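Trainee: My questions will all concern the structure given below.
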Amino acid sequence: MRRELIFARDEYRCVYCGERFEPELLTVDHVQPRMRGGDRSGGNLVTACGGCNARKGPLRLAEFLRADDAARDHFFRLAAPHVWPRILRTLREELECSG
Ligand SMILES: [Zn+2]
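Numbering (the working numbering), first residue to last: 64 to 162.
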């Protein structure tokens, strides 16, 4: 799915900090990483600002969300309605184990 469509769907709002940004300050983030089989479909892509993307760094999404309550709240409120149920289920399982 094209990045502009992801940004528009998410109303140019970062799903981690909940703030709105100009498109050039936004990135597209994979919920399930490509190296773990994640694809480029709309249900696996969310809008993230450059700052949150940098804070997340190499962390797995579950690790990042576990360490950041605000990011977790924003993600489940803003992104979850668009993410494939199968991917959300996996994420919730990862958050619960050793959480
Ligand atoms: Zn952000």
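We treat Cβ as the ideally placed atom computed from N, Cα and C, and that holds for glycine.
None of these values were measured; they are calculated from a predicted model.
For the segment 105–114 against the segment 141–148, do three or more pairs of beta-carbon atoms, one drawn from each stretch, fall closer than 8 Å, so that the two count as touching?
Mentor: A contact exists between the segment 105–114 and the segment 141–148.
Trainee: Around the C-beta of residue 76, are 16 or more other C-beta atoms found within 10 angstroms, so that it is buried, or is it exposed?
Mentor: When all chains shown are included, residue 76 counts as buried.
Trainee: Going by Cα to Cα distance, which pick from 137, 132, 96 and 85 is closest to residue 121?
Mentor: Residue 96 is the option with its Cα nearest to residue 121.
Trainee: Check residue 112 in the structure and name its three-state DSSP category.
Mentor: Looking at residue 112 - three-state DSSP - the assignment turns out to be strand.
Trainee: What's the C-alpha gap between residue 79 and residue 142?
Mentor: Looking at the two C-alpha atoms, the distance is approximately 9 Å.
Trainee: Can you tell me which of the three DSSP states residue 122 falls into?
Mentor: Reduced to three states, the DSSP call for residue 122 is coil.
Trainee: Can you tell me which residues form a DSSP beta bridge with residue 92?
Mentor: Answer is 109.
Trainee: Enumerate in chain order the residues of its own chain whose CB-to-CB distance from residue 113 is below 7 Å, with the five nearest sequence positions on each side excluded.
Mentor: Closer than 7 Å at Cβ, skipping near neighbours: 88 and 90.
Trainee: Taking the straight line between their C-alpha atoms, what separation do you get for residue 162 and residue 154?
Mentor: Here the model assigns residue 162 a pLDDT of 49, short of 50, so the residue's position is not dependable, and the following value carries that caveat. Using only the alpha carbons, I get a separation of about 12 Å.
Trainee: For residue 83, write down the residues that DSSP places opposite it in a beta bridge.
Mentor: Answer is 76.
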